[in-house]
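*Asks:*
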Amino acid sequence: MDKIICLGKNYSDHIAEMKEAAPEMPVLFLKPASVFKEIKNQGTISLPWERGLIHHECEVVFKLYKKNIIGLGLGLDLTLRDLQKELKTKGHPWEISKVFKNSAICTPIQGVRDFLNWQETPFILKVNGEIRQESKLSNALLKPNDIIHYVDKFFPICDGDLIFTGTPAGVGPLKPNDVIEMKFGPIETTFQLVSENG
Amino acid sequence: MDKRQISHDILNILERLRIMHDLIRDQNYEDIPKEELMNDMNESLALLKTRFDSLAQ
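If you read the protein sequences in the order shown, they are chains W and U.
Take 2 as the starting number for the first sequence in my numbering and just add one per residue.
Take 126 as the starting number for the second sequence in my numbering and just add one per residue.
(1) Who does alanine 105/W pair with in a DSSP beta bridge?
(2) Establish whether the CB of glycine 112/W and some CB of chain U are separated by less than 7 Å.
(3) By Cβ distance, which residues of its chain are closer than 7 Å to aspartate 78/W, with the 5 residues on each side in sequence left out?
(4) Please go through the same chain and pick out, in chain order, the residues whose beta-carbon is closer than 7 Å to the beta-carbon of lysine 128/U, but skip the five residues on each side of it.
(5) In this structure, does DSSP put histidine 93/W in helix, strand or coil?
(6) Between the Cα of isoleucine 125/W and the Cα atoms of Met183/W, Ile149/W, Pro24/W, which residue gives the shortest distance?
(7) If we cut at 7 Å on Cβ distances, does aspartate 160/W have a partner in chain U?
(8) Under 7 Å between C-beta atoms, does arginine 129/U make it to chain W?
(9) Measure the C-alpha to C-alpha separation of valine 113/W and isoleucine 131/U and round it to an integer number of angstroms.
(10) Take isoleucine 71/W as the anchor and find which of Phe155/W, Gly186/W, Asp160/W has the nearest alpha-carbon.
(11) Give every residue of the same chain whose Cβ lies closer than 8 Å to the Cβ of leucine 88/W, excluding the five residues on either side of it in the sequence, and list them in chain order.
(12) On the DSSP letters alone, give me the boundaries of the alpha helix (DSSP H) that isoleucine 131/U sits inside.
(13) Check the DSSP bridge columns for valine 62/W and list the partner residues they point to.
(14) Could you list which residues in chain U have their beta carbon closer than 7 Å to that of methionine 2/W, in chain order?
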């Protein structure tokens with residue numbers, strides 16, 4: 002993988018909850034491969050809790066080959082929310098609120114054919130048994146082929162790149178020892194967050 | 126081409142071969158036809174050899 006390409010503001014309900022203006026097109030940003038973490042079922046992940054509030058953003062993930070979607074996963078685009086707000090207020094770039102160790106978590110990728118009608122398949126994030134985010138890709142503002150076409154206008158797409166396709170409403174804080182459950186069609190992954198030294 | 130670039134190329138080719146391996150293993154020829162995949166694989170293997178030769182010099 003060369004990079005992770007992320008969409009922001011691709012679901013109208015999330016734009017509304019953030020009380021931000023809807024852009025003409027979704028926002029694009031990158032995360033480097035070095036912050037990627039594939040999470041296996043029953044695994045643990047450490048995060049830099051000392052840096053402030055960490056928010057989850059649950060998103061459908063595309064894996065690309067020759068600009069085709071060859072696999073799907075469910076990802077967590079993690080955000081240092083207080084830091085991001087501060088940087089936005091100052092009019093500064095906000096990469097450092099998005100790029101930190103394990104800030105791009107993803108379930109193992111499944112082949113597209115393992116899904117029945119994947120754009121209509123619900124994806125769900127639970128934290129400690131409570132549903133925090135639930136939606137389906139057909140609710141997104143940009144459709145899958147439009148996402149790839151849009152990204153391709155700005156970034157060179159390499160084979161193996163991932164696209165995090167944006168998050169619906171329900172983003173919220175995480176804390177150490179939270180148990181995370183992610184479900185999307187045949188994908189079901191449960192893992193626990195731990196402190197960085199844990 | 127410097128060795129860092131050659132090394133980067135090699136890792137990218139290996140990643141591409143890993144994806145091709147998964148697609149061929151799963152016989153997932155819906156978006157990428159089998160003939161195209163096999164052609165890509167041969168090209169990547171040939172390129173991998175030239176890059177390894179360069180790295181070894």
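The C-beta atom is built at its ideal place from N, Cα and C for all residues, glycine as well.
*Replies:* Taking the geometry as given:
(1) Answer is Phe37/W, Asp78/W.
(2) Yes, glycine 112/W counts as interfacial toward chain U.
(3) Cys7, Glu58, Glu60, Ala105, Phe165, Thr168
(4) So the list reads Leu180, once near-sequence residues are dropped.
(5) coil
(6) Met183/W
(7) Yes, contact with chain U.
(8) no
(9) 32 Å
(10) Asp160/W
(11) Pro94, Trp95, Ile97, Ser98
(12) 128-150
(13) Gly74/W, Phe165/W
(14) Glu140
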